[in-house]
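Counting from 209, one number per residue, gives the positions in the sequence shown under the working numbering.
We treat Cβ as the ideally placed atom computed from N, Cα and C, and that holds for glycine.
Worksheet: one structure, shown below.
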Amino acid sequence: MNNNPIRSKDRFLVFGAPAIEDAEIQEVMATMKTGWLGTGPKVMTFENDFKAYKGSQYATAVNSCTAALHLSILAASLKPGDEVITTPMTFCATVNAIVHAGATPVLADVDPVTMNIDPAQVEAKITSKTKAILPVHFAGRPCDMDALCEIARRHNLKLIEDCAHAIETEYKGRKAGTFGDFGCFSFYVTKNITTGEGGMILANRQEDADRLKILGLHGMSKDAWKRFGDSGYKHYEVVEVGFKYNMMDLQAAIGIHQMKRVAPYWKRREQIWQRYNEAFADLPIGIPAEPEAETIHGYHLYTILVDEAASGISRDAFLGAMTAENIGIGVHYQSLPGHPVYQKMFGWNSDDYPNAKRIGDQTVSLPISAKLTDADVEDVIAAVKKCLAMGKAKNPVLATAG
Ligand SMILES: *Cc1c(COP(=O)(O)O)cnc(C)c1O
């Protein structure tokens with residue numbers, strides 16, 4: 209067996225590396241020279257660009273998607289004890305935001321194929337305390353929005369979409385983040401476009417948008433950030449006990465230019481996705497389902513399933529072997545009920561969400577960022593094949609079975 213690593217040891221392929229280009233570097237420098245680093249005109253431009261791209265009424269930029277989720281749940285006016293139904297197959301921030309807003313998270317298991325929250329499971333979890341549904345468009349694949357919107361309407365529930373993976377995502381011609389009361393986006397480093405740290409909230413109603421702006425900046429009356437401008441000092445009033453969640457112009461300076469490359473970056477990730485599909489078709493691993501008809505997949509994550517019984521190598525051994533090949537990988541996600549704090553607080557047990565548990569135990573995310581070169585992509589493919597061959601070599605039954 210060839211033990212040479214696929215990549216040279218001094219060139220580790222970083223998972224989720226962002227593509228940063230000259231335009232945003234220049235814009236950040238220009239912003240620094242203006243001296244207006246905090247929330248100002250660039251943030252307003254970024255909000256307007258994002259709103260136009262989405263065809264949404266209102267957009268509020270914040271400093272993370274976690275902040276976006278927190279503010280959205282608060283603006284949905286949930287009370288302590290109110291229940292929010294979400295998915296176990298998400299980042300911990302989704303559930304943490306529900307808890308920080310004073311509500312109670314309730315999980316509904318995912319569909320084993322789409323890995324998105326299963327509307328039938330949502331329906332089964334509705335009680336008199338349920339006040340909102342918080343779906344996550346996992347990996348950029350849209351949730352079954354017809355079913356979820358219908359459930360929300362019938363039970364009079366708020367709908368808050370976690371679109372951290374889903375800037376480009378569409379469902380039946382409609383863009384992710386515009387179905388519900390609020391749509392929350394992330395511009396974290398590994399996301400489809402980045403501002404370093406950052407987030408955006410879409411809303412349909414003026415009063416919701418106003419509330420988000422106020423809650424996101426200490427609870428000060430609207431447009432308080434303008435008090436340092438040249439239009440004369442304006443007194444502000446504190447009308448709520450708010451948070452410090454505003455985005456900086458320095459961040460928006462990056463976002464304005466990243467925004468212009470949403471389409472070409474998406475196209476590049478789609479190419480990589482298809483190359484992986486073709487390369488892995490005959491391997492003993494699970495690959496993502498095809499996008500559903502009348503949808504656009506955001507291609508944020510390419511997740512394979514490594515089931516030791518079929519692949520001959522455990523998921524965790526595969527993670528180690530890929531790292532040894534200098535390929536950065538990720539796990540999105542270990543099922544949330546597996547984490548001790550939620551077991552303690554809510555008595556959650558992974559076995560109660562069998563689809564999420566199986567995915568969480570087997571999933572591996574391969575690099576799919578727009579920054580990857582064709583050679584990088586071939587390196588990833590070669591490493592996957594080599595790591596699986598190691599499993600096969602250790603397991604003679606699989607070796608003879610092919
Ligand atoms: C990244 C992510 C978040 C949090 O985004 P931040 O901008 O890092 O706060 C929330 N939900 C999901 C599904 C994510 O992937």
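Beta-bridge annotation (DSSP): residue 512 is paired with 572. For residue 369, the uninterrupted beta strand (DSSP E) run begins and ends at 366-370, by DSSP. In the structure shown, residue 450 falls within a coil segment according to DSSP collapsed to helix, strand and coil. The alpha carbon of residue 464 has as its nearest neighbour, out of 437, 302, 401 and 222, the alpha carbon of 401. If you check the CB distance, residue 506 and residue 348 come in under 8 Å. Annotation for residue 359: the continuous alpha helix (DSSP H) segment containing it runs 353-363.
With 6 Å as the limit, the residues whose C-beta approaches a heavy atom of ligand 1 more closely than that are 272, 273, 274, 298, 299, 301, 302, 344, 370, 372, 373, 394, 396 and 407, in chain order.
Residue 527 sits in a helix when the DSSP states are folded into three classes.
Beyond the five residues adjoining it in sequence on each side, residue 357 comes within less than 8 Å, by CB distance, of 367, 387 and 388 in the same chain, given in chain order. Within 10 angstroms of the beta-carbon of residue 297 lie 16 or more other beta-carbons, which makes it buried. Taking the C-beta atoms as reference points, residue 544 is found no nearer than 8 Å to residue 307.
Closest option to residue 592, judged by alpha-carbon separation, among 224, 536 and 577: 536. In this structure, 448 is the residue among 417, 405, 448 and 414 with its C-alpha nearest to the C-alpha of residue 426. Cβ neighbours of residue 554 within its own chain (closer than 8 Å, five residues either side excluded): 312 and 313.
Beta-bridge partners assigned by DSSP to residue 407: 270 and 394.
Between the alpha carbons of residue 541 and residue 346 lies a gap of roughly 10 Å. Looking at the DSSP output, residue 494 bridges to 513.
Annotation: the continuous alpha helix (DSSP H) that includes residue 470 extends over 470-488.
Around the Cβ of residue 361, a 10 Å sphere holds fewer than 16 other Cβ atoms; the residue is exposed. Between the region 464-478 and the region 230-242, the count of Cβ pairs shorter than 8 Å is three or higher; the stretches touch. Here the C-alpha atom of residue 394 lies approximately 18 Å from the C-alpha atom of residue 250. The C-beta separation of residue 470 from residue 226 comes to about 13 Å, leaving the pair out of contact by the 8 Å criterion.
Just so you know, the alpha carbons of residue 316 and residue 444 end up roughly 43 Å apart. Considering only 244, 269, 515 and 552, the residue with the shortest C-alpha distance to residue 438 is 244.
Put simply, of 517, 570, 539 and 575 the residue whose alpha carbon is nearest the alpha carbon of residue 599 is 517.
The distance from the Cβ of residue 277 to that of residue 305 is about 4 Å, consistent with a contact at the 8 Å cut-off. Following the DSSP letters along the chain, one finds residue 302 inside the alpha helix (DSSP H) bounded by residues 300-308. Here DSSP, grouped into helix, strand and coil, assigns residue 339 to strand. Shown here, residue 297 sits in coil according to DSSP, grouped into three states, outside any helix or strand.
Scanning 574, 550 and 474 for the CA closest to the CA of residue 523 turns up 574. Counted as a single uninterrupted DSSP element, the alpha helix (DSSP H) harbouring residue 548 occupies residues 548-554. Where residue 242 is concerned, the enclosing alpha helix (DSSP H) starts and stops at 230-242.
When secondary structure is reduced to three states using DSSP, residue 455 falls in the coil class, being assigned neither helix nor strand. Here the alpha carbons of residue 283 and residue 419 stand approximately 6 Å from one another. Just measuring C-alpha positions, the residue of 246, 292, 261 and 263 sitting nearest residue 270 is 246. The residue among 587, 596 and 364 with its C-alpha nearest the C-alpha of residue 219 is 587.
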